[in-house]
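The sequence shown maps to residues 1 to 306 in our numbering.
Here is the structure we will look at.
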Amino acid sequence: MRQITMKIFGIGDRGNSMIWHMLQQPLQGVEYIAVNTNQHSLKQFSVKQKLLLEQNPIKGYGTEAATELGKRSARSCKEEIIARMKGADMVLLCGGLGSDMGSGALPVFAQLAKQMHTLTIAFVTLPFPFEEEKRMCIAKSALEDIYTNADTCITLSNQYILQQLKNTEIASACSMADRMIQQGIQALYELITIPVYINVDYADIRTTMAEQKHGFIGVGYGRGAYKGEQAVVQALSACFLEHDIAGLHHAIVHICGNSALTLDEVQQIINRIHDEAGEALDIIFGMAFNENLQDELIVTVLAAGG
């Protein structure tokens, strides 16, 4: 089977931070590219591949002007961006919306990838609730642009992080968000790279994610007599995401356990997913055996819909 080429672009300061966290545990064969208009910001991160976009000054101040600057910077480097994307089967775009690069440049990257007919998945964060309302409006507008151009967008909820980490430093909270995105991308990567008993391949990922809108990814772990129930509940309760699985149309469900895994356990997991998402959910099923999982089970759910 041909190896799938995955390229991950971390766009803007938040995107650069996400790339840096991913590189603490790099995925084999994946290309990581940090993108910014600020050379000083790029120098802060130990990333081999970097793309410095031109800054094109414009009249005006504030968030709207900064967003337009991000768009112009990306458009002015269109040929370089296309060259970096060339050869990829899958392009992942990571960044924080509400900033000039996240709200301005990231949708342009999505548009260029779409023109190349490359499967494009965005992983983005929204501003914290305590940030100015105008910044959230800019982020929501950018999100609509991403929905139009990317195949699927997986959006992290900073509201959830705020609720769970009330007394945590902002830097630590942002690092947690970066790790969540890293874990989501790793789960996606492992679906198509780890040898399995019932295979999930790139064509399945494309069928599930192409030309959708909202994305969902969750990983759950279970142990003991009720390991299947525990694992699927944990996978479906990925409450750090803006959108849950309800109402989505397509899903990949991957189950990993030892060879004692029973048909009844598998059926219970699939039934629970249909209970949450609806009977209309079209499921592609994959399964792997790992004898190191003695009385344990891992369930991965990747879903998307309009």
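We treat Cβ as the ideally placed atom computed from N, Cα and C, and that holds for glycine.
Would you call residue i buried or exposed, if buried means 16 or more other Cβ atoms sit within 10 Å of its Cβ?
i, result
"GLN182", "buried"
"TYR61", "At TYR61 the pLDDT is 41, less than 50, meaning the model places this residue with poor confidence; the figure from the coordinates comes in the next sentence. Exposed."
"GLY15", "buried"
"ASP282", "exposed"
"ILE194", "exposed"
"ASP178", "buried"
"ASN167", "exposed"
"TYR189", "buried"
"GLU265", "buried"
"THR37", "buried"
"ASN292", "exposed"
"GLN163", "exposed"
"ASN158", "buried"
"LEU263", "exposed"
If you compare alpha carbons, which of the options is closest to residue i?
i, options, result
"MET85", "MET180, ILE8, TYR221 and THR262", "ILE8"
"VAL299", "GLY306, GLY305 and ALA288", "ALA288"
"ARG223", "SER17, LEU143, LYS134 and ASP295", "ASP295"
"ALA238", "GLN163, THR168 and LEU156", "LEU156"
"MET101", "LYS78, GLU80, SER76 and LYS71", "LYS71"
"GLU80", "SER103, GLU54 and MET90", "GLU54"
"TYR160", "ALA225, PHE130, MET90 and ASP13", "PHE130"
"ALA303", "ASN271, GLN267, ILE284 and TYR197", "ILE284"
"ASN290", "ILE198, GLN268 and ARG272", "ILE198"
"HIS21", "GLN3, MET176 and SER99", "MET176"
"VAL91", "ARG206, GLY286 and PHE216", "ARG206"
"CYS77", "SER103, SER99 and VAL35", "VAL35"
"GLN212", "GLU144, ASN158, HIS254 and GLU68", "GLU144"
"VAL196", "GLU68, LYS134 and HIS254", "HIS254"
State yes or no: is the C-beta of residue i within less than 7 Å of the C-beta of residue j?
i, j, result
"THR5", "ALA88", "yes"
"LEU112", "ALA142", "no"
"ILE252", "ASP204", "yes"
"ALA66", "LEU93", "no"
"HIS214", "GLY95", "no"
"LEU236", "GLY218", "yes"
"MET18", "GLY10", "yes"
"LEU52", "GLN39", "yes"
"PHE240", "MET180", "yes"
"VAL232", "ILE185", "no"
Distance, Cα to Cα, residue i vs residue j?
i, j, result
"ARG75", "VAL108", "7 Å"
"CYS137", "LYS50", "29 Å"
"THR63", "ALA105", "Reliability fails at THR63, whose pLDDT of 44 lies under 50, so the model's placement of it is uncertain and the value that follows must be treated cautiously. Using only the alpha carbons, I get a separation of about 13 Å."
"LYS48", "TYR32", "8 Å"
"ASP244", "TYR226", "23 Å"
"ALA187", "ILE82", "26 Å"
"ASP13", "VAL124", "12 Å"
"GLY220", "GLU229", "10 Å"
"GLU242", "ILE154", "8 Å"
"GLN267", "ILE273", "10 Å"
"ALA210", "ILE146", "13 Å"
"GLY286", "GLN25", "25 Å"
"SER103", "ARG135", "10 Å"
"LYS140", "GLU132", "13 Å"
"GLU68", "LEU126", "18 Å"
"MET1", "GLN234", "Caution applies to MET1, whose pLDDT of 48 falls short of 50 and renders its modelled position unreliable; the value that the coordinates give is listed next. Cα-Cα distance, rounded: 32 Å."
"ASN271", "LEU297", "16 Å"
"LEU27", "SER73", "29 Å"
"GLN3", "PHE216", "25 Å"
Does the segment 102-122 come close enough to the segment 38-51 that 3 or more CB-CB pairs lie under 8 Å? No: fewer than three Cβ pairs fall under 8 Å.
Could you tell me whether the segment 257-272 touches the segment 166-183, using the rule of 3 or more Cβ pairs below 8 Å? Under the three-pair Cβ rule at 8 Å, the segment 257-272 does not count as touching the segment 166-183.
Touching by the beta-carbon criterion (3+ pairs, under 8 Å), the segment 269-281 and the segment 234-248: In this structure the segment 269-281 touches the segment 234-248; the number of beta carbon pairs closer than 8 Å is three or more.
Three-pair Cβ contact test at 8 Å for the segment 120-139 versus the segment 149-167: Verdict: yes, contact present.
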